[in-house]
Structures are given as structure tokens and as C-alpha cells.
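Counting from 1, position 33 in the sequence shown corresponds to residue 144 in the numbering used here; the numbering is continuous, with no gaps.
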Amino acid sequence: MAPQAPARARAFTTSPRLVRPPGVYAPQCDTRILTSALYREPIGPGTDVLDMGSGSGALALHAARRGARVTAVDISWAAVWTTRLNALLSRQRVTVRHGDLTTAVRGHTYDLVISNPPYVPSPSDGPPRRGRARAWDAGADGRALLDLICDTAPDSLRPDGVLLLVQSALSGTEVTLDRLTGAGLYAEVVDRARIPFGPVLRSRTPWLRGRGLVGEENREELVVIRAARI
């Protein structure tokens, strides 16, 4: 996920009643392009959808509005309660569970898994255990959650199931594609967007340049990756 209040993109309003309290990720450009990819999938009644790292529940609600049976998972209790409240306000049925991306839904499989995980490279070795940055920081290479998702996705998908994942190119698009392919999925980039740095990445520009992750242009590329079981 991109930073919330220190936004890296314009806010994305999915509903006039969407609650977004402090500390819970506010939908932005990455949510927008992932939502566009979601609407290209054949979702309807009988489709089982998992939203991994639901935040405010924006993506889960889009899937629920199309008639899918939706389960949303987040490690943050604030995000869990926010997703539940937004589902109630939107009159959508969403099952919301608290836990990490592997244990909360262990043993269950889905037709579609969607995820906008933390993916921002950080000077810290690992993701933060608390605080607002938990919604976007993902370790020095930005892959603390991405690698976990890539490795566990095959166990969460039914035959012909699909994973839709959004991330920054700063955290390694090719690494994700290779890792998903190595896990037995057919993976490809289905959408891209270039956006200006927001306050968080601007504040880290010297560190990012020192690691060779960015050049002189203060923009990043977001990508949506689609990975399917075949």
C-alpha cells in the first residue's frame, strides 16, 4: 500500500460513505488501478473473493457489490473494524477476519485473491510492528509482504483462480513475476501508472538514489500483476 496521509497519489473515493479513520490506509491511485483490473474479472454471484490486507475495505466492497462472496483480512484491528463498518454502511455482506496473510484463512481457497499490500522500500530492515507506516513500509527492498503473497498464493487459489496484486516498480516488478512463475502461476503485468512522489518518497529520495532505486525523475511506476493458476 502507498502512504495514506503522506499521500503518494490523489485520494480515491469509492463511496461518499467510506470511513477512513487515522491510521487506516486511505484508497489512492494504487487502489484505483487495482479496482479497474478487478472489474475486468468475471465476478458475480458464487465467486469467492479474498481481499488480503483490506485497509478501509474499498476493494472488498467493490467485489461485494458485484455479488461475490467476499472475505477480507487485515493484521490491523483498526482496519478490521473499519472494513466492517464500511460494509455495514454500504449494506454489503463481507466476512472480515483479523490476522496475517497466511494464518487468518488457512485451509480456504478462492476464485480471486486481490491485494494492495505494503510495498514501499524503507531504511528499516523489516516492516514496522505498529504506527501508520505499517500500512505502507515493507522493509529495505519493499518485499516483506510481497514475497509472502507470492509464495502463499498458489495455496489460496482454486483451479483457474486468479491473483490481482498492485505494487511499485521500486519493489521489483520482475522479482514478483519471477517468484509467481516459480510458484506455478502464469503472471503478467496488466496495468501501469506513473505518479509523482508524495511526501514519504520525497523524504527518502537521497536514500533511494543511494541504493540505485531512483534517478533524477521524482516519479514512480505502479503496476498491477495478474497471476493465474493453469
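Yeah, the Cβ is synthetic: ideal placement off N, Cα and C, and Gly gets one too.
| Check | Outcome |
| --- | --- |
| Taking the C-alpha atoms as reference points, what is the distance between R313 and P270? | 42 Å |
| For a test of your reading of the model: does the CB of V335 fall under 8 Å from any non-hydrogen atom of the ligand GDP? Yes or no. | Inclusion of the ligand GDP in the displayed structure is not the case, the ligand content being empty and no account of it being possible. |
| Give the straight-line distance between the Cα atoms of S201 and V130, rounded to the nearest whole angstrom. | 10 Å |
| To the nearest angstrom, how far is it from the Cα of Y150 to the Cα of P234? | 35 Å |
| Quick check on H68: buried or exposed, where buried means 16 or more other Cβ atoms within 10 Å of its Cβ? | Here the chain covers residues 112 to 341 and nothing more, so residue 68 does not appear. |
| Using beta-carbon positions only, say whether A148 and L288 come within less than 9 Å of one another. | no |
| Is there contact here, the segment 182-194 with the segment 152-172, by at least three beta-carbon pairs under 8 Å? | yes |
| With a cut-off of 8 Å on the beta carbons, I'd call F308 and R330 a contact; round off their distance for me. | 7 Å |
| Taking the C-alpha atoms as reference points, what is the distance between A116 and A137? | For A116, the pLDDT reaches just 38, beneath the cut-off of 50, and the residue's location in the model is therefore unreliable, leaving the point undetermined. |
| So, are the CB atoms of A333 and R303 less than 9 Å apart? | The sequence given here has Leu at residue 333, not Ala. Yes, the pair counts as a contact, with Cβ atoms nearer than the cut-off. |
| Give me the residue from I144, L291, I186 and E285 with the minimum Cα distance to L268. | L291 |
| Tell me the rounded alpha-carbon separation between A189 and D252. | 26 Å |
| Any idea what DSSP makes of G134, helix, strand or coil? | coil |
| Excluding five sequence neighbours on each side, which residues of the same chain lie with their C-beta closer than 7 Å to the C-beta of R177? | I154 and G155 |
| Whole angstroms is fine: what's the gap from W192's alpha carbon to T146's? | 22 Å |
| Rounded to a whole number of angstroms, what is the C-alpha to C-alpha distance between V286 and V277? | 13 Å |
| By Cβ distance, which residues of its chain are closer than 6 Å to A175, with the 5 residues on each side in sequence left out? | V181, Q203 and V205 |
| Nearest-angstrom Cα distance between R128 and L259? | 32 Å |
| For a test of the three-state rule: what should DSSP assign to R180, helix, strand or coil? | strand |
| Measuring alpha carbon to alpha carbon, tell me which residue in G166, T284 and R315 is nearest V301. | T284 |
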